[in-house]
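One structure is given below, encoded as structure tokens.
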Amino acid sequence: MQNLLKNMKHFLNLKDIRTVDLKKILKDAKKRKSKRKNLNTLDVDKDAPLKGKILIQMFEKPSLRTRLSFYLAIRQLGGGTITLRSNELHLGKGGESLADTAKILSTYGDGFMLRTDSDKKINEVVKYIKIPFINGLSPSSHPTQILSDIFTVEEIKKKPISKLNICWIGDSNNVLNSLIAASVKFSFKLNIGCPKDYKPKKIILDWVKKNKKSVHIYNDPKKAVKNADVIFSDKVISLNDKVNIKKKTKDFKKFLIDEKLLKLAPKSIFLHCLPRGNEVSNKVFLGKKSHVWLQALNRVHVQKSILMYCFNKLR
Ligand code: CP
Ligand code: NVA
């Protein structure tokens with residue numbers, strides 16, 4: 000248990016976090032990852048910076064990677080975690096307000112990670128929570144995923160992402176929104192390939208413009224992948240998607256990522272946050288250019304440094 004942390008920080012949306020801090024997180028992750036080469040999964044980092052701290056994780060939607068990677072992240076920093084399912088709480092059953100729940104979480108916990116089906120809930124929780132609060136995926140963003148993906152890109156390509164051409168083929172969803180935010184923060188070139196009725200929301204594109212940056216949208220995947228160093232994708236049907244699945248799947252048919260498309264970007268690698276759907280062929284997903292398993296693993300390393308940032312321990 001713990002009182003309000005001095006200088007604690009939330010990690011809710013990339014667009015609201017200073018670039019210098021995002022870069023510091025990546026630098027710390029690189030350093031910590033390199034020091035773990037001979038350690039077992041649950042061995043604690045030598046400095047045990049979050050010894051005695053507990054991260055409460057709450058999931059309103061399914062998760063495999065986010066749940067496990069945060070579990071390992073806080074354990075490796077010397078702390079622990081407990082995972083709550085919202086439907087097992089008074090909150091989920093309507094018997095307790097979000098405000099009271101957030102205050103209680105702040106009383107028992109040191110940090111709170113929420114995966115939610117409502118952006119409003121994040122905005123509401125933040126009003127009452129007194130401990131670091133992390134967005135573990137919301138309908139509008141998935142910031143921990145994308146910061147970790149930048150780490151993976153730089154690790155594989157051995158270059159700052161600002162020097163690379165990044166391409167997204169797929170739906171304009173939460174993961175893409177965070178990638179767009181990252182393209183502004185880290186100044187990298189971003190091509191988006193999606194059907195014309197599925198482009199990113201105006202509010203997001205306006206934000207890019209306001210920051211004097213641009214993203215390039217193509218309705219032809221072949222044009223979008225040209226010169227790409229990295230091709231990202233994600234499920235066409237997301238967890239929160241309340242759409243006509245048959246129609247949407249059909250609308251994306253031309254945007255399948257297969258070997259033929261990859262040949263148009265010979266130096267590219269393929270990344271996907273998982274879980275996958277039919278947006279990518281099995282051959283590409285399991286092929287040489289795909290680095291999806293390393294990408295998933297790196298979430299542990301980057302989320303450790305996100306926790307360090309939240310607890311104001313990054314130097
Ligand atoms: N990529 C990702 O967030 O996976 P989970 O939904 O399994 O957490
Ligand atoms: N866009 C996907 C990401 C899952 C990690 C979803 O929201 O379901």
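Its first residue numbered 0, the sequence shown is counted upward by one per residue in numbering that gives the first Met the number 0.
Beta carbons: idealized from backbone N, C-alpha and C, even for Gly.
Quick caveat, the model's predicted, so the values are computed rather than measured.
Relative to the C-alpha of S304, which residue among N239, T143, F111 is closest?
-> Looking only at N239, T143, F111, the smallest Cα-Cα distance to S304 is reached by T143.
Using 9 Å as the limit for Cβ to Cβ distance, is N134 near chain C?
-> The displayed structure is made up of one protein chain only, and chain C is not part of it.
With a threshold of 8 Å, establish whether the CB of R84 neighbours any heavy atom of the ligand CP.
-> Result no, Cβ not under 8 Å from the ligand CP.
So does V174 have its beta carbon nearer than 8 Å to some heavy atom of the ligand NVA?
-> Because some heavy atom of the ligand NVA lies under 8 Å away, the Cβ of V174 counts as near it: yes.
DSSP-derived helix/strand/coil call for T80 = Strand at T80.
Give the secondary structure of M307 by DSSP, where H, G and I count as helix, E and B as strand, and everything else as coil.
-> Helix.
From this set, G108, I103, N172, which residue's C-alpha is nearest D240's C-alpha?
-> Closest by alpha carbon: N172.
By a C-beta neighbour count over all protein chains shown, 10 Å radius and 16 as the cutoff for buried, is S137 buried or exposed?
-> Flag for S137 reads buried.
Take the Cβ of R314 as the centre, count every other Cβ of all protein chains shown within 10 Å, and call the residue buried at 16 or more, exposed below.
-> Around the beta carbon of R314, fewer than 16 other beta carbons sit within 10 angstroms, so the residue counts as exposed.
Spatial neighbours of I203 within its chain, please: CB distance less than 7 Å, with the 5 preceding and 5 following residues excluded, ordered by chain position.
-> For I203, where only same-chain residues beyond five positions count, the Cβ hits under 7 Å are N176, I179.
Can you give the Cα-Cα distance for F132 and K259, rounded to whole angstroms?
-> A direct Cα-to-Cα measurement between F132 and K259 gives close to 43 Å.
Between the beta-carbon of I145 and the beta-carbon of V125, is there less than 9 Å?
-> No. Outside cutoff.
Would you mind working out which of K288, I149, F269, R17 sits nearest K162, comparing C-alpha positions?
-> Nearest to K162 by alpha-carbon distance, out of K288, I149, F269, R17, is I149.
Taking the alpha carbon of K30 as the point to measure from, which residue in T40, K45, K282, N210 has its own alpha carbon closest?
-> Minimum Cα distance to K30 is reached at K45.
From I230, G110, T100, residue whose alpha carbon lies closest to that of L11 = Of the listed residues, the one whose Cα sits closest to L11 is G110.
Reference K225; option with closest CA among I244, V242, N190, K201 | Comparing Cα-Cα distances from K225 to each of I244, V242, N190, K201, the minimum goes to N190.
Looking at S237 and the ligand NVA, is the gap between the Cβ and the nearest heavy atom below 8 Å?
-> Yes, Cβ of S237 sits closer than 8 Å to a heavy atom of the ligand NVA.
Short check: CB of E123 to CB of L97, under 9 Å?
-> Yes. Within cutoff.
How long is the line joining the alpha carbons of D205 and K211, rounded to whole angstroms?
-> Rounded to the nearest angstrom, the two C-alpha atoms are 10 Å apart.
Name, in chain order, the residues that DSSP records as bridge partners for S232.
-> H271, per the DSSP bridge assignment.
Which partner residues does M7 have in the DSSP bridge list?
-> The beta-bridge partner set that DSSP reports for M7 is empty.
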